[in-house]
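Residue numbers (my numbering): -10 to 297.
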Amino acid sequence: MTQRTTADEGGTPGSVATPFDDLPMAVSVAEPLAPHTWLGVGGAARFFCEPVDVAALARVVRRCHERSIPLRVIGGGSNVLIPTAGFAGMVVRLSAPAFSSIEVQRPEIVVGAGAKLVHVVSAAVQAGLSGLETLVGIPGTVGGALVGNAGGRGGDIGDHVREVSVMLPDGGVELRSGAALTFGSRWSNLDDVIVISCRLQLEDEDSDLLTKRMQKRWIVDRSEQPAGVRSVAMMFKDPHGSTAESLVTQAGARDIRAGEATVHAPRSNFVVAHPGCSSDDVRLLVENVRARVRERLGIELTPQIEVW
Ligand SMILES: Cc1cc2nc3c(=O)[nH]c(=O)nc-3n(C[C@H](O)[C@H](O)[C@H](O)COP(=O)(O)OP(=O)(O)OC[C@H]3O[C@@H](n4cnc5c(N)ncnc54)[C@H](O)[C@@H]3O)c2cc1C
């Protein structure tokens, strides 16, 4: 739903002005967020927009700041659970070409936060630049990957970040590098800003060898992820020295069901949302699995999926 509209502040299209009506951009009201997520569940955003460039993004961010309207960015939506009530603020998606550029400046690559991670990985591999190929199976955008320091056994994206351009809550832009950047286990200190773009440090390597390595990784990742189902999300972070999947299995939690949400038995760290599933089903399932692991194994799993 992308409509230049007037609406009341409750999100129903109507005749009352929105706080964004004087801005030269399209803002939707009551935009359903489920289609923007992998799980495909959850309610609507009160306001939603896809700015065409950094200046447009700054206008929206500044307006939200001035009017105390909560603002969130949605990337590929592969790691968020939208509540049934939706999100009572502005949701921004960096889908415009201005945010999706991929520029090779060997041995570095400069990418927009809205670029799909898989596109960045293949561009680097084609250019004969190594470092990102193990991330090929991770869905989502560069922005989402940086905020959550996406990665796996072969390393994390944070290992390669040289510099990040971010937008602050007042619409100002700044470059962060070195000590100003911290990447931990599935988190970073970029969680209170909007990531606009980043510069990744890679290494020259033979493109054919890299392609083979990337293909191998792609096959392994595909075999480790739920096949043929799109409505999935990863439930928990891997605790140090173990995997969430093995703990869920050991705790006998693979058969837990909540409404239309189930554990994906072959890859038991994934929740599957079946037709008719609600956001509450998913949330309950994650809570119940976590409780089972706590009761049976005395281990507190940390949720990976972020509830808005
Ligand atoms: C099948 C499957 C396999 C997965 N495998 C892995 C894996 O191997 N390793 C791994 O680490 N994760 C994995 N994940 C989880 C998920 O894909 C990653 O966390 C991914 O990096 C999220 O990116 P996204 O663009 O979809 O982010 P979203 O889900 O859209 O957002 C996640 C968070 O990032 C924020 N965000 C997004 N873009 C920006 C931005 N530009 N600026 C500021 N904040 C932003 C959002 O506000 C939100 O807080 C998997 C998920 C699925 C469904």
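Just so it is clear, CB atoms sit at the ideal spot from N, CA and C, and this is done for glycine as well. Since the model is a prediction, treat every value here as computed from it, not as a measurement.
Nearer than 7 Å: is that true of the beta carbon of residue i relative to any heavy atom of ligand 1?
{"i": "Ala102", "result": "yes"}
{"i": "Gln204", "result": "no"}
{"i": "Thr130", "result": "yes"}
{"i": "Met223", "result": "yes"}
{"i": "Asn258", "result": "no"}
{"i": "Trp27", "result": "yes"}
{"i": "Arg285", "result": "no"}
{"i": "Glu163", "result": "no"}
{"i": "Ser119", "result": "no"}
{"i": "Ile183", "result": "yes"}
{"i": "Leu83", "result": "yes"}
{"i": "Asn178", "result": "no"}
{"i": "Val296", "result": "no"}
{"i": "Ser67", "result": "yes"}
{"i": "Arg211", "result": "no"}
{"i": "Arg175", "result": "yes"}
{"i": "Gly141", "result": "yes"}
{"i": "Arg61", "result": "yes"}
{"i": "Val99", "result": "no"}
{"i": "Gly133", "result": "yes"}
{"i": "Val136", "result": "yes"}
{"i": "Gln239", "result": "no"}
{"i": "Gly64", "result": "yes"}
{"i": "Ile127", "result": "yes"}
{"i": "Gln214", "result": "yes"}
Nearest by alpha-carbon distance to residue i: which of the options is it?
{"i": "Arg279", "options": "Gly32, Gln293, Ser267 and His108", "result": "Gln293"}
{"i": "Leu28", "options": "Pro128, Leu83, Pro40 and Val43", "result": "Pro128"}
{"i": "Gln162", "options": "Asp42, Arg256, Met223 and Ala33", "result": "According to the sequence displayed, residue 162 carries Val and not Gln. If we check each option's Cα against that of Val162, Asp42 comes out closest."}
{"i": "Trp176", "options": "Gly133, Glu276 and Pro255", "result": "Gly133"}
{"i": "Pro59", "options": "Gly66, Gly65, Val49 and Ile245", "result": "Val49"}
{"i": "Pro255", "options": "Ser267, Gly241 and Gly265", "result": "Gly241"}
{"i": "Leu158", "options": "Val93, Leu12, Glu55 and Val296", "result": "It should be noted that the sequence gives Pro, not Leu, for residue 158. Cα-wise, what sits closest to Pro158 is Glu55."}
{"i": "Val131", "options": "Ser166, Ser174, Ser186 and Ser154", "result": "Ser186"}
{"i": "Leu236", "options": "Ser154, Asp11 and Thr291", "result": "Thr291"}
{"i": "Val136", "options": "Arg61, Asn178 and Val221", "result": "Asn178"}
{"i": "Gly141", "options": "Gly31, Met156 and Gly120", "result": "Gly120"}
{"i": "Arg35", "options": "Ala77, Arg61 and Ala23", "result": "Ala77"}
{"i": "Gly117", "options": "Thr238, Leu191, Gly31 and Met79", "result": "Leu191"}
{"i": "Ala250", "options": "Ala222, Leu170 and Glu97", "result": "Ala222"}
{"i": "Arg82", "options": "Val109, Thr26 and Ala112", "result": "Thr26"}
{"i": "Ala112", "options": "Pro215, Leu199 and Asp269", "result": "Leu199"}
{"i": "Val252", "options": "Ser267, Gln239, Ser174 and Leu274", "result": "Leu274"}
{"i": "Asp181", "options": "Glu97, Asp10, Arg188 and Leu170", "result": "Leu170"}
{"i": "Ala104", "options": "Ile63, Val209 and Ala44", "result": "Ile63"}
{"i": "Gln239", "options": "Ser257, Cys38 and Cys266", "result": "Ser257"}
{"i": "Phe172", "options": "Ser196, Glu213 and Ala139", "result": "Ala139"}
{"i": "Ile91", "options": "Met79, Val69 and Val114", "result": "Val114"}
{"i": "Met156", "options": "Ala44, Pro96 and Phe225", "result": "Ala44"}
Please classify residue i as buried or exposed, where buried requires at least 16 neighbouring CB atoms within 10 angstroms.
{"i": "Arg219", "result": "exposed"}
{"i": "Pro40", "result": "buried"}
{"i": "Leu106", "result": "buried"}
{"i": "Ala47", "result": "buried"}
{"i": "Asp145", "result": "buried"}
{"i": "Ala6", "result": "exposed"}
{"i": "Glu234", "result": "buried"}
{"i": "Ala168", "result": "exposed"}
{"i": "Glu284", "result": "exposed"}
{"i": "Gly287", "result": "exposed"}
{"i": "Val296", "result": "exposed"}
{"i": "Arg272", "result": "buried"}
{"i": "Asp193", "result": "exposed"}
{"i": "Val282", "result": "buried"}
{"i": "Leu189", "result": "buried"}
{"i": "Thr(-9)", "result": "Its pLDDT being 40, under 50, Thr(-9) is placed unreliably by the model, and the measurement read from it follows with that caveat. Burial call: exposed."}
{"i": "Asp270", "result": "buried"}
{"i": "Ala247", "result": "buried"}
{"i": "Arg95", "result": "exposed"}
Touching by the beta-carbon criterion (3+ pairs, under 8 Å), the stretch 113 to 125 and the stretch 63 to 82: no
Three CB pairs or more closer than 8 Å across the stretch 199 to 211 and the stretch 227 to 242: no
Touch test, the stretch 81 to 93 against the stretch 140 to 156, Cβ-Cβ under 8 Å, three pairs minimum: no
Inter-stretch contact (C-beta, 8 Å, three-pair minimum) for the stretch 261 to 274 and the stretch 6 to 19: no
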